[in-house]
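Numbering (the UniProt record's numbering), first residue to last: 1 to 245.
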């Protein structure tokens, strides 16, 4: 979290300084600017991490060292954005953009310049911003960034993916609302860390399993591809982003 010099995002695609709609702004996550505010807001809401493969965290240093530095920044296929709600003013003005309120974080994962593919994931919306315009605008901005052609300011990718714990019906519904199509449910797709029993697939592992005690996860795989985007997907997303409720 050093303030010396610019922070190296280390992402495989070029990232603009901000992605912005009328009501939401995304900026690359900078630990020294955003980590403390986000961590403090999650202390009373550990449920934010229920379906995520990490967290909750006991200290901001653990959050930064384990997730941001220990995972995200080490992998050029992953990056995190801070989400700002431009319709609300922040209570902590020294760690936010333009006095807008920090509403959560969202990530880009499994990014592949070779295969022109990307995943939108690690969506962590603070409780007071859930069921508002925040999630739809944040996801919509990332879809434009991923699927719009270069001439329109995007990356021109062919495929954007959304993966959700199959038990997380709200996440699957959110994806489908934004135009993602369910492709499959991947059984026993992941081994979750100790302490994530509530997110497990409720199935027992066999005797002799090398990671006995770590529950398994079934994953819902959804996608929206360039041809979906060009045949009404973009307009659908724009209409959802423009809704006031």
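Glycine included, every Cβ here is placed at the ideal spot set by N, Cα and C. Predicted model, so just to flag it, every value in this text is computed and none were measured.
By the beta-carbon neighbour count (other beta carbons within 10 angstroms, threshold 16), residue 114 is exposed. For residue 235, the secondary structure class from DSSP, reduced to helix, strand or coil, is helix. At the C-beta level, residue 34 and residue 82 come within 8 Å of one another. Residue 66 is bridged by DSSP to nothing; it lacks a bridge partner. Take the alpha-carbon of residue 198 and the one of residue 49: they are about 11 Å apart. In this structure, the straight-line span from the alpha carbon of residue 158 to that of residue 232 is close to 15 Å.
For residue 107, the enclosing beta strand (DSSP E) stretches over residues 100 to 112. Annotation: the continuous beta strand (DSSP E) that includes residue 28 extends over 24 to 28. With a beta-carbon spacing of about 7 Å, residue 52 and residue 122 fall inside the 8 Å limit used to define contacts.
Taking the CA atoms as reference points, residue 144 sits about 9 Å from residue 19. Residue environment for residue 170: exposed (fewer than 16 other C-beta atoms within 10 angstroms of its C-beta).
Sequence-distant Cβ neighbours of residue 15 in its own chain, meaning closer than 8 Å and more than five residues away, are 9, 28, 79. For residue 178, the three-state secondary structure derived from DSSP is coil.
Of the candidates 137, 160, 77, 187, the residue whose Cα lies closest to the Cα of residue 110 is 77.
The C-beta separation of residue 142 from residue 108 comes to about 7 Å, placing the pair in contact by the 8 Å criterion. Annotation: residue 182 to residue 210 spans about 31 Å, alpha carbon to alpha carbon. Looking only at 196, 98, 164, 188, the smallest Cα-Cα distance to residue 54 is reached by 196.
For the options 190, 229, 225, the alpha carbon positioned closest to that of residue 217 is the one of 190. Rounded to whole angstroms, the gap between the alpha carbons of residue 47 and residue 202 is 19 Å. Going by DSSP, residue 36 is part of no beta strand (DSSP E) but of the alpha helix (DSSP H) stretching over 31 to 42. One Cα belongs to residue 37, the other to residue 206, and the distance between them is close to 43 Å. When C-alpha distances from residue 126 are compared across 43, 31, 229, 13, the shortest belongs to 43.
Relative to the Cα of residue 193, the nearest Cα in the group 213, 68, 30 belongs to 213. Following the DSSP letters along the chain, one finds residue 161 inside the beta strand (DSSP E) bounded by residues 159 to 165.
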